[in-house]
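Residue numbers (our numbering): 40 to 163. Quick reminder that beta carbons are idealized off the backbone N, C-alpha and C, glycines included. Accompanying notes for the structure given below.
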């Protein structure tokens, strides 16, 4: 977690999102089949969805990389949109975030999320 102490983004990817999904999976593993979610499960699901909200906000922002001018020139675009979590190329962040988002989407009705997280769904 040394890297996570330096960057909020790294902490989000490596700690916050992963921990909330791990907690969700632990609750799912211990609850009986076909039982409804209790208060602790609802709280963890809410925490996980708030992390999806954080990722949605991140994906709405402009891409920030040191060579943005070169990328704009090569793609002939005025603005560069996120194709991946950090910029226009896949990074380790995408590989960490993807399974977490997949698990959250599996645990929540996917159709309910379409309107709330359009940028995350486009990335997904």
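Counting of Cβ neighbours within 10 angstroms places residue 61 among the exposed residues, the total staying below 16. Shown here, residue 51 sits in a helix according to DSSP, grouped into three states.
In the three-state reduction of the DSSP assignment, residue 147 falls in the coil class, being assigned neither a helical nor a strand state.
Ranking 163, 146, 157 and 54 by CA distance to the CA of residue 85 puts 146 first. Classified as exposed, residue 141 has fewer than 16 neighbouring CB atoms from the shown chains inside 10 Å of its CB.
A distance below 6 Å between beta-carbons, with the five flanking residues on each side excluded, links residue 80 to the following residues of its chain, in chain order: 66. Judged by their CB atoms, residue 159 and residue 95 are nearer to each other than the 8 Å cut-off. Taking C-beta atoms as the reference points, residue 156 and residue 93 fail to come closer than 8 Å. With a contact defined as Cβ atoms closer than 8 Å, residue 87 and residue 143 qualify at about 5 Å.
A Cβ-Cβ distance of about 10 Å is found for the pair residue 63 and residue 82, leaving them out of contact under the 8 Å criterion. Per DSSP, residue 79 is one residue of the alpha helix (DSSP H) stretching across 78-99.
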